[in-house]
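Visitor: Just remember that this note's numbering sits 79 ahead of the position in the sequence shown, which is counted from 1. Where is the CB? At the ideal position from N, CA and C, for every residue including glycine. Keep in mind that this is a model prediction, so the values were computed, not measured.
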Amino acid sequence: MTPINKTLVTLLFLLPLVSLDIEAQTSWQKYSDNPVLHGSGSYGIYGDFDQYEALHPFVIEENGYYRMWYVGVSNSYSVGEAISPDGIFWYTLRGNPRLTPGPSGSFDASGIRKISVVRDHDGYKMYYYSPVNGVNKIGMAYSPDGHSWTKHPGNPVLEPGSQGSWDDAGVWAPMVLYENNGYKMWYQGTDGTVPEIGFASVGYATSSDGIHWTKHENNPVVSHGSAGEFDYYTAGEPFVLHLHGRYHMFYTSTDASIKNKIGYAFSRNGITWTKFRGNPVLTSGPSSWDGQGVAAASVIFKDNEFKMFYVGWGGGRAIGLATAERNMIIKEPGTFFETQRLLETYPNPFNPTTTVHYKVTKPGQVRINIYDILGREVETLINETKAIGDYSIEWNAQIFASGKYFCRMINDDITEVRELTLLK
Numbered sequence: 080m081t082p083i084n085k086t087l088v089t090l091l092f093l094l095p096l097v098s099l100d101i102e103a104q105t106s107w108q109k110y111s112d113n114p115v116l117h118g119s120g121s122y123g124i125y126g127d128f129d130q131y132e133a134l135h136p137f138v139i140e141e142n143g144y145y146r147m148w149y150v151g152v153s154n155s156y157s158v159g160e161a162i163s164p165d166g167i168f169w170y171t172l173r174g175n176p177r178l179t180p181g182p183s184g185s186f187d188a189s190g191i192r193k194i195s196v197v198r199d200h201d202g203y204k205m206y207y208y209s210p211v212n213g214v215n216k217i218g219m220a221y222s223p224d225g226h227s228w229t230k231h232p233g234n235p236v237l238e239p240g241s242q243g244s245w246d247d248a249g250v251w252a253p254m255v256l257y258e259n260n261g262y263k264m265w266y267q268g269t270d271g272t273v274p275e276i277g278f279a280s281v282g283y284a285t286s287s288d289g290i291h292w293t294k295h296e297n298n299p300v301v302s303h304g305s306a307g308e309f310d311y312y313t314a315g316e317p318f319v320l321h322l323h324g325r326y327h328m329f330y331t332s333t334d335a336s337i338k339n340k341i342g343y344a345f346s347r348n349g350i351t352w353t354k355f356r357g358n359p360v361l362t363s364g365p366s367s368w369d370g371q372g373v374a375a376a377s378v379i380f381k382d383n384e385f386k387m388f389y390v391g392w393g394g395g396r397a398i399g400l401a402t403a404e405r406n407m408i409i410k411e412p413g414t415f416f417e418t419q420r421l422l423e424t425y426p427n428p429f430n431p432t433t434t435v436h437y438k439v440t441k442p443g444q445v446r447i448n449i450y451d452i453l454g455r456e457v458e459t460l461i462n463e464t465k466a467i468g469d470y471s472i473e474w475n476a477q478i479f480a481s482g483k484y485f486c487r488m489i490n491d492d493i494t495e496v497r498e499l500t501l502l503k
């Protein structure tokens, strides 16, 4: 039996829902030479917009490069830009900062913070928040190229709710997607019942033009947790990735220790969310640079791998990288993954043997493994090269205890999972 690697954060998504076969199993590992982007003062460069700290990254892939907008801290909070060929080595660009605080008395005079950048038919839109007399509000800027930005003259575009509402004390940390000619925003809101901390949760709003927003009637869509949970005070700073028919949210949490961690939730429609039962997925340390907390994730998925850029802090704040392979594909009846069932088991339930029938659609390496309910690999049924065709193999579970197991097949970039029930 292969033990769980305790140095990694293991996600085994096992939903007790009839419509789901299984979610995913993913292990996050921090880059050994973190952080990947410091404030310029760490390099002996002083007087720049980011001389003290680099935080709040937002990363996209574009033209074969990784492109990052981030918040730099000096005497104020401004937005700069960096580019990387691999997500590890970053080069800040000339002309930084790209977006700076407004003049005294303006909505964003106190700084530009926690940004989200979206590409649409007009170019780019950047959403950000700024405190106005101690109350956070969300503004927007637009750009034809992502370099030169113009603030929307009617800022802010999203304000706190009416008195007594869940977000009446502030809205911030916007995350925006452009889909089907419309805009979707997830944002952090609070009623101010716990000064300086929360309670904070995630709300949802929609817009046809990216300027005029309608908040969802059943907000918040992701609430902070209960006493004793990792997100008791805060569920906020959402980052949302729409992948393979699912929305994936990585969010910042705060518990009674007042130490930030990163949690994960998933949704079919972006409104009804389920938190991962193994949260948090990323925590502080063991290195000193992020020993006091991790927050503000920005996630890229490429070549079957996730890259998470996040803020860590020890003595100061900087940007780090964690990676994870996508080991299991989310699969649900009715989605395009259901067009052809490549893996079947019969009988099921069974005792003590069952036959695994599988179809190879791409010639190459095929691996079939069995996992227990805790996500531990308990047996490898096959790991060899196969031609296109139909195959079967028997699994004898005589030595295993009764319960739920999962059979996973990987063939090139195709992954399928079936739940098995062993009855003795």
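#1: Could you check if Glu160 is buried or exposed, using at least 16 other CB atoms within 10 Å of its CB as the buried criterion?
#2: When you compare the region 200-209 with the region 127-134, are there three or more beta-carbon pairs, one atom per stretch, that lie closer than 8 Å?
#3: Could you check what DSSP says for Gly120 in three-state terms: helix, strand or coil?
#4: Give me, in chain order, the residues of the same chain whose beta-carbon lies closer than 6 Å to that of Ile408; leave out the 5 immediate sequence neighbours on both sides.
#5: According to the neighbour-count rule (16 or more other Cβ atoms, all chains shown, within 10 Å of its Cβ), is Gln267 buried or exposed?
#6: Go through its chain and collect everything with a Cβ distance to Pro359's Cβ below 7 Å, but skip five positions before and after it.
#7: Does the distance from the CB of Tyr156 to the CB of Gly118 come in under 8 Å?
#8: Considering only their Cβ atoms, is the gap separating Phe186 from Val211 smaller than 8 Å?
#9: Determine contact between the region 216-235 and the region 316-328, defined as no fewer than three beta-carbon pairs at a distance below 8 Å.
#10: For Glu417, which residues in the same chain have their Cβ closer than 6 Å to its Cβ, ignoring the five residues on either side in sequence?
#11: Quick check on Ser287: does DSSP put it in helix, strand or coil?
#12: Going by other Cβ atoms of all chains shown within 10 Å of its Cβ, with 16 needed for buried, is Arg173 buried or exposed?
#13: Rounding to the nearest angstrom, what Cα-Cα distance links Ala188 and Thr229 in this structure?
#14: As a quick exercise: from Lys294, Thr285, His231, pick the residue whose alpha carbon is nearest that of Ser241.
#15: Who pairs with Trp368 in a beta bridge, going by DSSP?
#16: I need the straight-line Cα distance from Asp334 to Trp265, nearest angstrom please.
#17: Quick check on DSSP: helix, strand or coil for Arg455?
#18: Checking contacts by CB at 8 Å: is Ser336 closer than that to chain D?
#19: Please look up how many angstroms separate the CB atoms of Val439 and Ile461, rounded, as I've assumed it's under 8 Å.
#20: Would you call the region 475-484 in contact with the region 425-436, where contact means no fewer than 3 C-beta pairs closer than 8 Å?
#21: Does the Cβ of Met328 lie closer than 7 Å to at least one heavy atom of the ligand NAP?
#22: Can you name, in chain order, every residue of its own chain whose Cβ lies under 7 Å from the Cβ of Glu316, other than the five neighbours on each side?
#23: Opposite Gly143 in the DSSP bridges: which residues?
#24: Considering only the alpha carbon of each residue, which of Ser287, Asn383, Tyr283 lies closest to Ser302?
#25: The beta strand (DSSP E) spanning Glu316 covers which residue range?
#26: If Pro114 and Trp368 are in contact, beta carbons under 8 Å, what's the gap, nearest whole angstrom?
#27: Does the beta-carbon of Leu171 have 16 or more other beta-carbons within 10 angstroms, so that it is buried, or is it exposed?
#28: What residues are listed by DSSP as bridge partners for Glu495?
#29: Between the alpha carbons of Tyr437 and Pro426, how many angstroms are there, rounded?
#30: So is Tyr122 buried or exposed if we call it buried at 16+ other beta carbons inside 10 Å?
#31: By DSSP's criteria, Thr434 is part of a beta bridge. Which residues make up the other side?
#32: Since Gln108 is in the beta strand (DSSP E), which residue starts that stretch and which ends it?
#33: How about Ile452 and Arg487: are their beta carbons less than 8 Å apart?
#34: Does the beta-carbon of Ile124 have 16 or more other beta-carbons within 10 angstroms, so that it is buried, or is it exposed?
#35: What is the DSSP secondary structure of His135, reduced to helix, strand or coil?
Guide: Let me spell this out:
#1: By the 10 Å Cβ count, Glu160 comes out buried.
#2: With the cut-off at 8 Å, the region 200-209 and the region 127-134 do not touch.
#3: Gly120: helix per DSSP, three-state reduction.
#4: Bear in mind that the predicted position of Ile408 carries a pLDDT of just 36, short of 50, making it too unreliable to give a figure here.
#5: Buried, because 16 or more other Cβ atoms sit within 10 Å of the Cβ of Gln267.
#6: If we look at Pro359 and ignore the five residues flanking it on each side, its Cβ neighbours are Phe309, Ser332, Lys340, Ile341, Gly342.
#7: No, these two residues do not count as a Cβ contact at 8 Å.
#8: In contact: Val211 and Phe186 (Cβ atoms closer than 8 Å).
#9: Touching, no.
#10: Low confidence applies here, because Glu417 scores a pLDDT of 32, under 50, leaving its location unreliable and the question unanswered by this model.
#11: Coil, per DSSP.
#12: With fewer than 16 other Cβ atoms within 10 Å, it is exposed.
#13: Straight-line spacing of the CA atoms in Ala188 and Thr229 works out to 15 Å.
#14: Nearest C-alpha to Ser241: Lys294.
#15: DSSP, once it has assigned bridges, lists no residue as partnering Trp368.
#16: In this structure, the alpha-carbon of Asp334 lies about 21 Å from that of Trp265.
#17: Of the three classes helix, strand and coil, the one that applies to Arg455 here is coil, per DSSP.
#18: Given the protein chain composition of this structure (a single chain), no chain D is represented.
#19: Approximately 11 Å separates the beta-carbon atoms of Val439 and Ile461; this is outside 8 Å, ruling out the contact.
#20: Under the three-pair Cβ rule at 8 Å, the region 475-484 counts as touching the region 425-436.
#21: This structure simply doesn't include the ligand NAP, nor any ligand for that matter.
#22: Cβ neighbours of Glu316 within its own chain (closer than 7 Å, five residues either side excluded): Lys193, Ala252, Gln267, Tyr330, Thr331, Ala374, Ala375.
#23: Beta-bridge partners assigned by DSSP to Gly143: none are found.
#24: Ranked by Cα distance from Ser302, the options Ser287, Asn383, Tyr283 are led by Tyr283.
#25: First-last of the beta strand (DSSP E) with Glu316: 313-322.
#26: Contact flag correct, Cβ pair sits at about 6 Å.
#27: Residue 171 is actually Thr in this sequence, not Leu. Flag for Thr171 reads buried.
#28: DSSP output for Glu495 lists Met488 as bridge partner(s).
#29: Computed Cα separation, rounded: 14 Å.
#30: Exposed is the call here.
#31: In DSSP, Thr434 forms a bridge with Tyr425, Glu473.
#32: Boundaries of the beta strand (DSSP E) harbouring Gln108: 104-109, taken from the DSSP string.
#33: No, the Cβ-Cβ distance between Ile452 and Arg487 is not below 8 Å.
#34: It counts as exposed.
#35: Strand, per DSSP.
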